[in-house]
Amino acid sequence: MFEISPAEWTAILLSLRVAIIATLVATPFGIALAWLLARYNFWGKSVLDALIHLPLVLPPVATGYLLLLSFGRRGLVGAWLADNFGIVFAFRWTGAALACGIMSFPLLVRPIRLSIEAIDRRLEQASSTLGAAPWQVFATVTLPLALPGVLAGMVLGFAKAIGEFGATITFVSNIPGETQTISSAIYSLIQTPDGDAAAGRLVLISIVIAMGALIASEWFARRATKRLHGN
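Quick note, the sequence shown lines up with residues 1 to 231 if you use full-length UniProt numbering.
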């Protein structure tokens, strides 16, 4: 029951690889957009905010289909990337990372934005008064104070990426060793005879990873509160 097969290990390690890459690549964009939404009011802000959170409410299969149309081998962006740079996303593990990054992006941005909004702007203004450039204010004041929120967002995004299924299987299919993550492996196992034990093992592993990520995210959120309010 508790002996993990090589195929299951492959799915687990691929899921971790995809989730880590998706989180690391998405984080700089998440920080930039969170800072923009937290610090500025501009025309179209509500539309941008809605677009960021759209993957949370849109059916995951629809998101995967849109990715296939855009980044597929014959898609507008996908064809250009393939012809000019040799980069292919469809039916590759890199496409799984792209799908997971997009699906987890709202959960990444939200804690970072809340953390930045909670920072006393007088601290940033004091730094500017002392002669710091805007990028220096961000790098030495805003980002360090928002770091617990950044880490909380990264952990939540990682957990979402680990469990992503609908968009991934639509965009990159379910290819063992290439795009078969934990979620798609479970899907395959429950449809095969005598696959219940293996599916159960992967479900337990998913629960352990998700619980660990949620506990870590809560811990980082509490650290952010203590750091900002001094208690």
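Idealized CB from N, CA, C, for every residue including glycine.
The C-alpha of tryptophan 93 is placed about 8 Å away from the C-alpha of leucine 14. Remark: C-beta atoms of alanine 159 and serine 217 approach each other more closely than 9 Å. By the 16-neighbour rule on beta-carbons within 10 angstroms, glutamine 180 is buried. Closest by C-alpha distance to tryptophan 35, out of Tyr65, Ser115, Ser173, is Ser115.
Closest option to alanine 199, judged by alpha-carbon separation, among Ile205, Ser46, Leu189: Leu189. In the three-state scheme derived from DSSP, where H, G and I count as helix and E and B as strand, aspartate 194 is classed as coil. Take proline 60, set aside five residues on each side of it, and the residues of its chain with a beta-carbon closer than 6 Å to its own are Gly166, Ala167, in chain order. Annotation: the continuous alpha helix (DSSP H) that includes valine 47 extends over 45-57.
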